[in-house]
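Everything below concerns the one structure shown next.
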Amino acid sequence: MAVTVRVGPGPMGHERALTRAGLGPVAGCDEAGRGACAGPLVAAAVILDDRRSSRIEGLADSKTLSVVKRERLFDIIMDKALAVSWVRVEADECDRLGMQEADISGLRRAVARLDVEPGYVLSDGFPVDGLTVPGLGMWKADAVCACVAAASIVAKVARDRIMIAMDEEIPGYDFAVHKGYSTALHQRRLEELGPSPQHRMSYGNVQRAARLHSS
C-alpha cells in the first residue's frame, strides 16, 4: 500500500515520515543469495530504534560494503535494533517454489518472526505479498532506507557465515570463497565433483554438471 508522506532528510527519513503518519514501527526487509546456484536464500527483517539506530554510521546496501564493514555493522545492528530476524529458504525449497516465490516467502516469514509487530514494511524492489500489515516495494530501497539497508547487511552476513560453515561440512567446492554464486571457480568444482545436496537443481549450470556425472 502506497501512502503519501513528506520524507525528511537522512537515512531514517522514510521511517520517521511513516511513523509520523501513524504507521510505525517500520520494518525493512531484504534477502541475500537469490542469484546463487548453491546454498540457501536468506531473508532478513529489521526494525530500527530511532534514538539508538541513528548512531549507526555507514548503513548502506550490503553489496557496496567491504566484508570488514559488513561484519562490524552486523554486530551493531544486532545490538541496537528494536527487532531483527532472519530465515533460511533451503536450496530444495528454492527449486520447488521458484526464486521469485522463494524470495517472497522468505521475506514474509522473516517479517512474521520479528519480536515487534511492524505497522508498515519497506522492501527492496517489489512489495511483499501476504503480509498482515501494509507495505511498499521501493527501487534501491537498500540505498535510501536505513531499515532496508540494515536488513540487507543482516541477510548477507548471515548467509556468508552459513556458506563458510558449509565449506567445512561439504569440502571440495570452495563454498567459503564464492558463497555459492556461479563463478568460474565454482563451475570448475561443479564439473569436477558434480552437484552436492546443497546445489539448486533447477539451475542450468547445475543440471549440466549433473548430466556430466550421470553419463
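If you use this note's numbering, the sequence shown corresponds to residues 33 to 247, in order. Ideal Cβ positions, reconstructed from N, Cα and C, are used throughout, including at glycine.
Could you check where the alpha helix (DSSP H) with L50 kicks off and where it finishes?
-> Walking along the sequence shown from the start, residue 50 turns up at place 18. Start and end: G45 to R52.
Fill in: Simplified DSSP assignment, three categories, for S155
Sequence index remark: in the sequence shown, residue 155 carries index 123 (1-based). Three-state result, S155: strand.
Own chain, CB closer than 8 Å to V148, minus 5 neighbours either side, in chain order
Locating residue 148 in the sequence shown gives position 116, counting from the first residue. P57, I79, L114 and A115, listed in sequence order.
Quiz item: Ordered along the chain, which non-local residues of its own chain (more than five positions away) have a Cβ less than 7 Å from that of M110?
Solution: In the sequence shown, counting from the first residue as 1, residue 110 sits at position 78. Only V116 meet the Cβ criterion.
Exercise. Counting pairs of beta carbons, one from the region 68–82 and one from the region 116–131, are three or more of them closer than 8 Å?
Worked result: In short, these stretches touch, since the Cβ pair count reaches three.
Item checked: CB of C61 within 7 Å of CB of V238, strictly -> Along the sequence shown, one-based indexing puts residue 61 at 29. Along the sequence shown, one-based indexing puts residue 238 at 206. No, the Cβ-Cβ distance between C61 and V238 is not below 7 Å.
query: E122: which of L244, R232 and A241 sits nearest, CA to CA?
result: On the sequence shown, position 90 is the one that residue 122 refers to. Ranking L244, R232 and A241 by CA distance to the CA of E122 puts R232 first.
Q. So, L73 versus E63, is the Cβ gap smaller than 7 Å?
A. Numbered from 1 along the sequence shown, position 41 holds the residue referred to as residue 73. Numbered from 1 along the sequence shown, position 31 holds the residue referred to as residue 63. A Cβ-Cβ contact shorter than 7 Å links L73 with E63.
### Query
Where does L168 fall in DSSP's three states?
On the sequence shown, position 136 is the one that residue 168 refers to. Reduced to three states, the DSSP call for L168 is strand.
Q) Who are the Cβ neighbours of L129 in its own chain at under 7 Å, not counting the five residues just before and after it? A) By 1-based counting over the sequence shown, the position of residue 129 is 97. Once the five neighbours on either side are set aside, the close Cβ partners of L129 are S137.
(Q) As an exercise, report each continuous alpha helix (DSSP H) stretch of at least 4 residues that is fully enclosed by the region 68–141, in chain order. (A) 82–85, 99–112 and 123–129
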